[in-house]
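Residue numbers (my numbering), protein chains in the order written: chain A, 5 to 449; chain B, 242 to 501.
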């Protein structure tokens with residue numbers, strides 16, 4: 005019986021890890037569909053950003069209550085993984101509470117500490133469920149979350165509640181079995197939380213308790229393995245990608261818009277034709293680059309990493325002036341759309357080996373012109389993101405495509421462009437009157 | 242007072258301390274011209290040798306670039322950088338955060354490298370150096386004032402304290418809005434929105450922001466950007482508060498408080 009359990013465990017863990025690695029490989033391939041961008045400069049500052057934002061949750065604390073609850077779940081998640089290590093080793097070796105003997109009295113202290121974390125996680129997740137489904141915090145109930153994103157969030161929270169409940173139930177049964185000197189149940193000191201609940205199980209037989217303990221143990225580890233495989237399909241993947249995303253985040257001032265070298269050169273050669281490279285003698289045409297971004301392949305890999313790192317918390321949208329005044333734009337939706345389109349392209353590649361044109365694109369099919377037009381480039385979305393995501397960068401690249409490739413701009417902007425080009429100012433004034441104010445001041449004196 | 246152009250300085254074989262980049266709003270918009278004049282008067286009064294480009298200045302290309310027209314931006318930037326480099330300009334001060342951001346951050350990759358200062362930072366330095374002297378118990382002493390962080394000075398470039406320090410020097414009673422500093426709310430004009438109608442929504446961004454400013458009970462909304470000034474003034478008018486709430490640029494406040 006024990007051997008069957010061991011073999012079953014090893015197969016289960018092996019298959020889970022294989023499937024997880026396969027999906028992660030697909031996501032990596034998808035991210036690399038983006039244009040190349042060198043973000044390896046200044047490693048010192050990048051490590052610092054990762055430590056502060058991803059590990060230290062620095063930006064979360066702009067909103068203290070959710071930050072505290074999130075910290076509890078996050079700390080619980082990371083630290084309870086030590087317990088998962090024991091469960092994994094027990095599973096493979098057919099042992100029970102492998103660490104109890106070597107750690108001695110420290111063991112119960114450690115498990116007691118994990119139990120406190122488990123309770124904190126449990127309570128935090130229940131409050132989070134309440135915020136989403138009962139008190140209806142605005143940013144957690146906007147329409148872009150309808151359907152799968154809302155279910156995804158609830159599945160994650162409910163799963164965590166179940167996993168923590170299983171962990172606590174398992175320990176309670178274990179303590180009762182220990183007190184009765186049941187075989188295989190290593191005697192430890194009392195655990196801080198569950199020792200208070202052993203009374204609930206006193207009337208049950210040893211067989212039933214072993215059943216509860218084993219069921220708790222198996223469901224807990226199966227739950228963890230399923231959850232691991234659920235992650236890459238879910239917004240919850242941010243628990244992994246927050247780290248690289250914070251590492252590669254923008255170091256330049258937020259106000260700075262990326263330069264387009266290809267257009268800079270066009271203008272330079274137009275102004276100074278003597279600098280233009282000679283036409284290729286072999287009659288080949290230079291590769292035509294797209295101006296701006298129409299689809300995910302035109303974005304940079306960092307934009308695509310951003311999309312996979314987004315956990316749809318909506319802090320960007322909650323700070324967006326366009327969204328707050330009822331416009332269609334939601335920076336969170338920009339990220340969700342980018343990820344959805346990226347996943348669609350990824351599936352297309354899985355099916356056809358290389359991407360086969362499906363007649364769709366990120367602009368128009370996912371993100372509308374109306375949304376893109378409403379952005380004031382105020383950078384509130386970039387500032388708000390706890391993990392360094394930049395919805396604004398994507399918006400700006402899509403706008404470039406609209407204006408430069410589709411000549412798709414409102415009439416007022418066309419007038420402004422014309423004024424800038426002809427009068428050197430966005431309004432229709434004569435350039436000769438540019439220093440009229442100075443003449444007026446001089447005349448006053 | 243005689244405002245000299247870069248060309249005049251060069252013809253006299255002189256170099257100014259700083260180039261005042263006026264910007265299109267500051268040059269042509271009637272409301273923003275008052276800010277330009279106020280700032281120029283301060284510089285003149287405290288003896289800062291400054292030049293303007295005059296008719297040689299052109300739009301930096303900011304609204305074109307933000308709207309997505311990179312070609313037009315690159316053309317404007319090319320011309321401006323040729324002019325600035327031709328005069329060997331080293332230091333630029335501007336009263337427009339959009340000009341400030343684009344010349345400071347986006348001209349260097351195109352070959353335009355200058356020390357660029359926003360006028361509120363420049364004013365703070367002049368006050369700290371004792372060059373700007375303020376009237377004792379100046380015009381704004383003790384008045385309730387709220388300060389609107391412009392996106393391109395605040396979030397865009399992390400400048401939050403210099404304008405507040407100038408207000409502190411004016412001895413005003415600063416009342417912060419709920420959304421201030423990194424959480425500041427846009428006036429609604431950035432990203433070339435100034436040049437078109439807003440998309441359909443419940444309200445306008447500038448109405449929302451102006452209401453928030455008015456709710457602080459302040460009689461003056463201090464701004465650092467000609468676009469914010471226009472947007473907030475419109476918002477105040479929409480609330481029919483123009484008789485009790487004024488929108489002023491920090492330069493205008495300093496100009497009115499200068500010691501004789």
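Don't be surprised by glycine CBs; every beta carbon is placed ideally from N, CA and C.
A quick note: this is a predicted structure, and the numbers were derived from the prediction, not measured.
query                                                                                                                                                                                                         : result
Would residue 379/A and residue 399/A qualify as a contact pair, given that the criterion is a beta-carbon distance under 8 angstroms?                                                                        : yes
Starting from the C-beta of residue 250/B, find all residues in its chain whose C-beta is less than 7 angstroms away, skip the five residues before and the five after it, and write them out in chain order. : 256, 257, 292
Beta carbons nearer than 8 angstroms to chain B: which residues of the stretch 326-350 of chain A have them?                                                                                                  : 326, 328, 329, 330, 331, 332, 333
I'd like to confirm the pairing. Which residues does DSSP put opposite residue 387/B in its beta bridges?                                                                                                     : 462/B
Smallest Cα separation from residue 314/A: which of 296/A, 339/A, 302/A?                                                                                                                                      : 339/A
Cα separation between residue 176/A and residue 113/A?                                                                                                                                                        : 15 angstroms
What residues match up with residue 414/B in a beta bridge as DSSP calls it?                                                                                                                                  : 385/B
Could you pull the start and end residues of the alpha helix (DSSP H) that residue 228/A belongs to?                                                                                                          : 210-234
Helix, strand or coil for residue 188/A? Go by DSSP, reduced to three states.                                                                                                                                 : coil
How many angstroms separate the CA atom of residue 239/A from the CA atom of residue 227/A?                                                                                                                   : 18 angstroms
Who are the Cβ neighbours of residue 67/A in its own chain at under 8 angstroms, not counting the five residues just before and after it?                                                                     : 319
Show which residues of chain B have a CB atom less than 7 angstroms away from the CB atom of residue 320/A.                                                                                                   : The premise fails here: residue 320/A is roughly 12 angstroms from chain B at the closest Cβ pair, so nothing lies under 7 angstroms.
By the three-class DSSP mapping on this structure, what secondary structure does residue 36/A have?                                                                                                           : coil
Quick one, which residues of the stretch 286-313 of chain B are near chain A if we go by CB-CB under 8 angstroms, in chain order?                                                                             : 293, 295, 296, 298, 299, 300, 302, 304, 305, 306, 307, 308, 309, 310, 311, 312, 313
Are the Cβ atoms of residue 179/A and residue 212/A separated by less than 8 angstroms?                                                                                                                       : no
Whole-angstrom Cβ separation of residue 413/A and residue 402/A, contact assumed at under 8 angstroms?                                                                                                        : Actually they are not in contact, since the Cβ atoms of residue 413/A and residue 402/A sit about 13 angstroms apart, beyond 8 angstroms.
Which chain B residues sit within Cβ distance under 7 angstroms of residue 379/A?                                                                                                                             : 432
Quick test of the definition: if touching needs 3 or more C-beta pairs under 8 angstroms, does the stretch 404-416 of chain B touch the stretch 273-292 of chain A?                                           : no
If contact means a Cβ-Cβ distance below 8 angstroms, which residues of the stretch 247-263 of chain A contact chain B?                                                                                        : 256, 257, 258, 259, 260, 261, 263
For the alpha helix (DSSP H) containing residue 278/B, name the first residue and the last one.                                                                                                               : 271-287
Per DSSP, which one or two residues make a beta bridge with residue 332/B?                                                                                                                                    : 356/B
Relative to chain B, which residues along the stretch 285-313 of chain A have a C-beta separation below 9 angstroms, given in chain order?                                                                    : 295, 296
Who are the neighbours of residue 446/A on chain B, taking C-beta pairs under 9 angstroms?                                                                                                                    : 242, 243, 244
For residue 360/B versus residue 335/B, is the C-beta distance shorter than 8 angstroms?                                                                                                                      : yes
For residue 300/B, which residues of its own chain have a beta-carbon under 6 angstroms away from its beta-carbon, when the five flanking residues on both sides are left out?                                : 265, 317
Chain A partners of residue 392/B, CB-CB under 7 angstroms?                                                                                                                                                   : 382, 383
Run through chain B and tell me which residues come within less than 9 angstroms of residue 268/A, C-beta to C-beta.                                                                                          : 311, 315, 318, 319, 350, 351
Whose C-beta lies closer than 6 angstroms to the C-beta of residue 332/A among residues of the same chain, with five residues either side of it excluded?                                                     : 374, 375
Verify the CB distance criterion: does residue 450/A have a CB-CB separation below 8 angstroms to chain B?                                                                                                    : Any property of residue 450/A remains undetermined from this structure, which presents chain A solely from 5 to 449.
Against chain B, with Cβ distances strictly below 8 angstroms, would residue 169/A count as a contact?                                                                                                        : no
Using a beta-carbon distance below 8 angstroms, is residue 476/B in contact with chain A?                                                                                                                     : no
Classify residue 389/B as buried or exposed, calling it buried when 16 or more other Cβ atoms lie within 10 Å of its own Cβ.                                                                                  : buried
Are residue 142/A and residue 322/A close, meaning C-beta to C-beta below 8 angstroms?                                                                                                                        : yes
If you count every other CB in all the chains shown that lies within 10 Å of the CB of residue 29/A, and 16 or more means buried, which is it?                                                                : exposed
Identify the contact partners of residue 425/A in chain B, using a Cβ-Cβ distance below 7 angstroms as the criterion.                                                                                         : 313
Using a Cβ-Cβ cutoff of less than 7 angstroms, which residues in the same chain neighbour residue 329/B once the five nearest sequence positions on both sides are dropped?                                   : none
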